[in-house]
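In this note's numbering, the protein residues as written are 729 to 1206. C-beta: ideal position from N, C-alpha, C; glycine also. Nothing here was measured: the structure is a model prediction, and the numbers come from that model.
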Ligand SMILES: Cc1cc2nc3c(=O)[nH]c(=O)nc-3n(C[C@H](O)[C@H](O)[C@H](O)COP(=O)(O)OP(=O)(O)OC[C@H]3O[C@@H](n4cnc5c(N)ncnc54)[C@H](O)[C@@H]3O)c2cc1C
């Protein structure tokens, strides 16, 4: 890729799409040149202080239709110019870092929403923000039931591209359980339209190739999503355990017994003390939050069964108060953001998954690694399954300078993921891999796994124009 190719691409894109859809304004290039990966936040801070230059794309393109996206990928492929799909820019693993001379393909104008109330589905543009989707669905008596903490700042296409999870996942499933149709534009400009169906046995599920593809194989332009009716009764219930392990035992037990609360969140003693300081919890106490959703009598009975299991594991009821508190603050991530704002500070939430049999060792080893690196850390479990759960390790530390903070941050993340792998965990449950976890992905999949992923990349994107570098595929062009 040369800068001449990028310049030619900008001219051709303007001719094909119109001037107004192709921006080279610095404000757009800077805005789309970063997301929320802590390394990007530190680099942005350094750039603002004049220490380094911002990483920016050559232009930001805002297609208004799938046809426009076909045009962009045809031109980019012919000229071998890298394309970085950009949704809300809320990704936290370095999935949208722009190689110099690249096109940032901003999907936000692809935001149509068409509801089919008979089949309880919606066909939705990939650039639709979560909150836009919910507002439109709620007005027609539906919800998608997928509420990531980034609901206000992330898009449907971003959710699909990163294999996202919402806080109600234990009942409603993760994104891959809710997408029944997908439109993807492939490099070269061909549209792959995977028609919606409740299920099919028509060979391997091609949708899976793109759910979690992080923009490395093509651009998702629309999806068909399964909906849930709004207004179903909910029941809030909290329980405190003497130790985190007793809480884990209880959650494993009630999930394996078949209970499916919509929300299950179990905090270790460190995070319990941090989040529930106003609730007079004993020193080592671990808080469990539960939200049941469904038909009145069913959720009443289900909550009784779960409460009985929790009591049997040593827990006692803490009423609805702690859950109400979480509900009111559930979109607030200011303390994590603040950790990255000051000179030398770094902070992140690393989410991994493990089988129940491995989870205690994964938890203990990851917390130990954070402490060994001089970072403060605590953890919680959420998104639970019959076979295991997702574990979030939240850490923060300080280095002398922002430059040092990047090295310190990466050393902590590499250490955390290595200890997760050493105890049979998976290095991401739902944030994805991006560039930040790419090295660990290779360790996770091994040579044969990476060869298979590389073969897929080669098949869909032979000229390596799609988001080079994410998932450890296709070298970043520098
Ligand atoms: C405060 C905060 C809270 C968060 N909470 C959650 C949470 O609860 N659950 C969760 O899963 N994640 C969470 N995240 C992470 C993030 O919101 C998700 O990864 C989200 O899915 C990203 O969506 P986006 O539209 O912002 O994508 P972007 O950040 O724009 O892009 C992310 C990746 O997807 C690719 N991509 C985006 N759109 C497309 C497309 N149309 N076609 C192909 N590739 C595309 C990009 O190239 C990039 O690789 C959180 C992040 C923040 C900052």
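When DSSP labels each residue in this structure, what does residue 965 get in the three-state scheme? strand
Relative to ligand 1, is the shortest distance from any of its heavy atoms to the C-beta of residue 887 smaller than 8 Å? yes
Just to confirm, is the Cβ distance from residue 963 to residue 1021 under 9 Å? yes
Going by the C-beta, is residue 1195 closer than 8 Å to any heavy atom of ligand 1? yes
Relative to the C-alpha of residue 1060, which residue among 879, 1043, 897 and 773 is closest? 879
Pull up the DSSP beta-bridge partners for residue 1123, would you. 1076 and 1105
DSSP puts residue 845 in a beta bridge; with which residues? DSSP, once it has assigned bridges, lists no residue as partnering residue 845.
If we ignore side chains and look at the alpha-carbon of each, how far apart do residue 820 and residue 1006 end up? 30 Å
So is the beta-carbon of residue 876 under 8 Å away from any non-hydrogen atom of ligand 1? yes
Out of 1024, 971 and 1026, which one is the CA nearest neighbour of residue 1016? 971
If you draw a straight line from the C-alpha of residue 730 to the C-alpha of residue 1011, how long is it? Low local confidence applies: a pLDDT of 49 at residue 730 is under 50, so the model's placement there is unreliable, with the coordinate-based value given in what follows. Their backbone Cα atoms lie some 60 Å apart in a straight line.
With DSSP run on the structure shown, which of helix, strand or coil describes residue 898? helix
9 Å Cβ cutoff met for residue 993 and residue 1055: no
Considering only residues of the same chain and omitting the five flanking positions on each side of residue 984, which have a CB-CB separation below 7 Å? 1114
Can you have a look at residue 1206 and say buried or exposed, based on whether 16 or more other CB atoms are within 10 angstroms of its CB? No answer about residue 1206 holds up, because its pLDDT of 44 lies below 50 and its placement is not dependable.
Contact check, residue 838 vs residue 949, beta carbons under 9 Å: yes
Three-state secondary structure (DSSP) of residue 800: helix
If you reduce the DSSP assignment to three classes, tell me which class residue 730 lands in. Note that residue 730 has pLDDT 49, beneath the 50 cutoff, so the model's placement of it is unreliable and the number below is only indicative. Of the three classes helix, strand and coil, the one that applies to residue 730 here is coil, per DSSP.
Do residue 982 and residue 975 have their C-beta atoms closer together than 9 Å? no
Would you say the beta carbon of residue 995 is closer than 8 Å to some non-hydrogen atom of ligand 1? no
If we count the other Cβ atoms within 10 Å of its Cβ and call it buried at 16 or more, is residue 893 buried or exposed? buried
Spell out a yes or no on whether the region 1175-1183 and the region 1120-1130 are touching, meaning 3 or more CB-CB pairs, one atom from each, closer than 8 Å. no
Throw me the rounded Cβ distance for the residue 791 and residue 760 pair, which I believe falls under 8 Å. Actually they are not in contact, since the Cβ atoms of residue 791 and residue 760 sit about 14 Å apart, beyond 8 Å.
For the region 1091-1110 against the region 917-926, do three or more pairs of beta-carbon atoms, one drawn from each stretch, fall closer than 8 Å, so that the two count as touching? no
Is the number of C-beta pairs between the region 839-851 and the region 928-944 that are closer than 8 Å three or more? no
Per the DSSP calculation, residue 993 is bridged to which residue(s)? 1017 and 1110
Strictly by DSSP, which residues pair up with residue 948? 912
Relative to the C-alpha of residue 1129, which candidate in 743, 777 and 754 has its C-alpha closest? 777
If we count Cβ pairs, one from each stretch, closer than 8 Å, do we get three or more for the region 830-846 versus the region 793-802? yes
Flag this pair as yes or no: are the beta carbons of residue 1145 and residue 1110 separated by less than 9 Å? no
What residue range does the alpha helix (DSSP H) around residue 1100 cover? 1087-1100
Any heavy atom of ligand 1 closer than 8 Å to the beta-carbon of residue 1113? no
Rounded C-alpha distance that separates residue 980 from residue 768: 37 Å
Can you tell me whether residue 979 is helix, strand or coil according to DSSP? helix
Suppose only complete runs of 3+ residues qualify. What are the beta strand (DSSP E) ranges in the region 740-827, listed by chain order? 787-789 and 811-814
Cβ of residue 908 versus every heavy atom of ligand 1: is any distance shorter than 8 Å? no
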